[in-house]
Structure formats: structure tokens, C-alpha cells
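The next block holds one structure in the form of C-alpha cells; read it before the comments.
Given below as C-alpha cells:
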């Protein structure tokens, strides 16, 4: 009988390297100052700390200078949309949130605290995060299911004067835009000449579509599990109704496969499959981003028979669309200037900086840099900080 995690002993689980690596968690808290003697103790804690507390009470903005707040992000999830695992709850989401915090630190020197909260009601999530917000310089929302995630982010952004960023939405959108800008450059076309089809109208699908619209894509249509989204289709929620009003100028009403005929770009964020014949029907020099994990909508080798550029969300194929290319640098750039929010322009600036890292090395297998390219984070940080100042949301 096979040993399952539910019935296994810790010793047997630890034979798997994934479990062994996670034993005890992936994070710890360390002090930044020594406490060697009574003098150190009196400065770090009482009575010295009282002076700092009193100063902050009189001028609350000093908390950003005399506490950890200015360099710490909360990574918040309710566990309802974790990776490809779905609604597995807050406890099971913790390894992912720890991993996210680890990536913040490793790629941009940002300290992050994973907070998996035991509530799924929108009002409860907003109230919980808003009450915790004074301890943090930014809020990274993670793995909260759609459409609730849109309202949660919108309401927190309105309530708080620190960056609030749902990475499943905007991190994905930034990296997709960067890769698409380079793919379009490779094929000698502006974004305005491209017709795109996005499969998936969840958090990432909506955000990618919005960002491509803002970037000037020629036309874009979105599908969900019931087919193409269009004005007048019954059963659409508020967010899909808004998408219908702003997309699909060609008026597609059938399947994703039908809309792909003659299309220039496919972006898959759906977890579904797309038949080979649909990819074959796309326009010459087509661009296929099949981003569902672990199984792309179409196998990259199949897509490459017809498409000029193929990208996936996987690390074992070229052109990995990986959010870690965006979120660490975006938050580092925002924190460095103490931005009050992350604007649309800041996201576009991040995408442009990311695309520019590729430079003249651009090729079919290299439209987006590796997360381990040391140029990535500094480029994104600088672009986001500069744009925050230009947009008037920087406090430094």
C-alpha cells in the first residue's frame, strides 16, 4: 500500500526532498542589532524605546524611519486559490506564502511576512488586513479566488496609503506585457497591429487583458469556461460585463478555438486545453503564451510547429513567464520611495524595464529574461521608483 502524507510518519515524509526542505519552515526572524549587555538592552527596549514610541505618537510618519515598517510587506492569502490546488485553506497555503516571502528577500532584499487568514468573506478580509496594515509598508495579496480578489484589492487600495498589489493579477500581467512587447518586436509588428485571444477570465486573465488594452493592443477577446465573453451574454458578473464592454470588437460569440483563427496572439490562463488545429489556424508569425501550470493549454512542442514565439509558465521550456521577474522589484521600487500606491504607469514601467533587459539578444527562445539574471531586479526597481515620482505618489 502506498504511503500518503496523511498516513505517513515524519521520517518517511522527510525521505522526499520537498518535505525535507520544508521541515521547520523556510523563514526565520533575526535581530538587526546586538544585545550584549545592559546598555544595549536599555536602548533596544526599556527605557530607550519609550523615547522612540513617544516621538512616533507625536509624528506617526516616523514609524517608517524608526521601525521595520518601511521594508516589510505582508503576504496575505485566504487559501482559496492556491497554485493549481484550488481552495485548500489557510494552513495548507502557508508553504506557498513562505515561499513568496523567501523570493521577496532573495530577489530584492524585501522582508516579507506570510499571513494566512482564516476568513473568506470579503468584508472580513478587508477589515482584517486594514487592521494589520500599520505594521507593514505594503500588502501583497496572494491566491485569493476571483471574483472576490478584485473587490478585496479595490477596497484595500481605497482604504490604505501603502502599496496594495494582488500578484496573481498584476505580476502576471507585467511579465506577459514585457514578453509580448519583445515578441512583437521580434516579428516586426507594433502591439497595435496584433489581435489577441485570452483564455481565462479569472484574476490573471482579467489583469492581463486590462494591461494589454492599456498598452494599446489592436484587439483582444477573452473567453471563460462557457466560451467567448461578449456584450449581451447572459450570466456575466460585473467584472466580466466590464470586460465585454471593452473587448472583442470583432464580436466573437463561440469557442476559444474559433476565435483563434487568424489571431496573432494567444494567452492561456485557463487550465483548459486548446486543440492543435486551433493553433495551426492562427496568423503567420503567431505568438503563443500557454501559461497554465503544470499543464499548458497546448504543449510547447506542438505550438512551436506553427508559432514564431512560444512561452509557458514552466521552467523546463524557454521563455518562462514567471511572476518573480516582477513582484520583488515592483515592491522594492515602491518601498524605496515610500509610494502610497502602485499605479498603472508603474506597472507599465516595470514591464518596459523588464523587456529592455533582453535588448539585442532577442530571439524566439529569449523574449523574457531569466529570474536569475542579475540585471532584472535593479532595472525594475529603478523604473518603478522613477515612475512613482513622476506620478506624484512617492513620499521620498
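In full-length UniProt numbering, the protein residues as written are 1 to 396.
We treat Cβ as the ideally placed atom computed from N, Cα and C, and that holds for glycine.
All values reported here derive from a predicted model rather than from experimental measurement.
Just so you know, the alpha carbons of residue 229 and residue 201 end up roughly 9 Å apart. In the structure shown, residue 40 adopts helical secondary structure according to DSSP, grouped into three states. Residue 228 carries a strand assignment under DSSP once its states are collapsed to helix, strand and coil.
Under the three-state reduction of DSSP output, residue 299 falls in the coil class, being neither helix nor strand. If you ignore the 5 residues before and after residue 225, its C-beta comes within less than 7 Å of no other C-beta in its own chain.
Secondary structure at residue 64: helix, using DSSP grouped into helix, strand and coil.
Residues 84, 313 and 314 of the same chain have their beta carbon placed closer than 7 Å to that of residue 293, with the five preceding and five following residues left out of the count. DSSP, reduced to helix, strand and coil, places residue 367 outside both helices and strands of the structure shown, so it counts as coil. In the three-state DSSP reduction, residue 287 falls in the strand class (E or B).
DSSP places residue 149 in the uninterrupted alpha helix (DSSP H) bounded by 148-159. In the structure shown, residue 49 adopts helical secondary structure according to DSSP, grouped into three states. Under the three-state reduction of DSSP, residue 340 is assigned to coil, being neither helix nor strand. Judged by DSSP secondary structure, residue 77 falls outside any alpha helix (DSSP H) and instead within the beta strand (DSSP E) spanning 72-77. Taking 8 Å as the cut-off, the beta carbon of residue 244 is found no closer than this to the beta carbon of residue 263. Taking 8 Å as the upper bound for CB-CB distance, residue 298 and residue 274 are in contact here, some 5 Å apart. With the rule of 3 Cβ pairs closer than 8 Å, the segment 320-331 counts as touching the segment 366-381.
Residue pairing by DSSP places residue 116 opposite 77 in a beta bridge. In this chain, the alpha helix (DSSP H) harbouring residue 101 covers 90-108. Of the residues 278, 172, 183 and 165, the one whose Cα lies closest to the Cα of residue 269 is 172.
For the pair residue 325 and residue 319, the Cα-to-Cα distance works out to about 12 Å. Counting of Cβ neighbours within 10 angstroms places residue 137 among the buried residues, the total reaching 16 or more. The C-beta distance from residue 162 to residue 130 rounds to 11 Å, too long to meet the 8 Å contact threshold. Of the candidates 279, 12 and 287, the residue whose Cα lies closest to the Cα of residue 186 is 287. Going by beta carbons, residue 350 and residue 388 fall outside the 8 Å limit.
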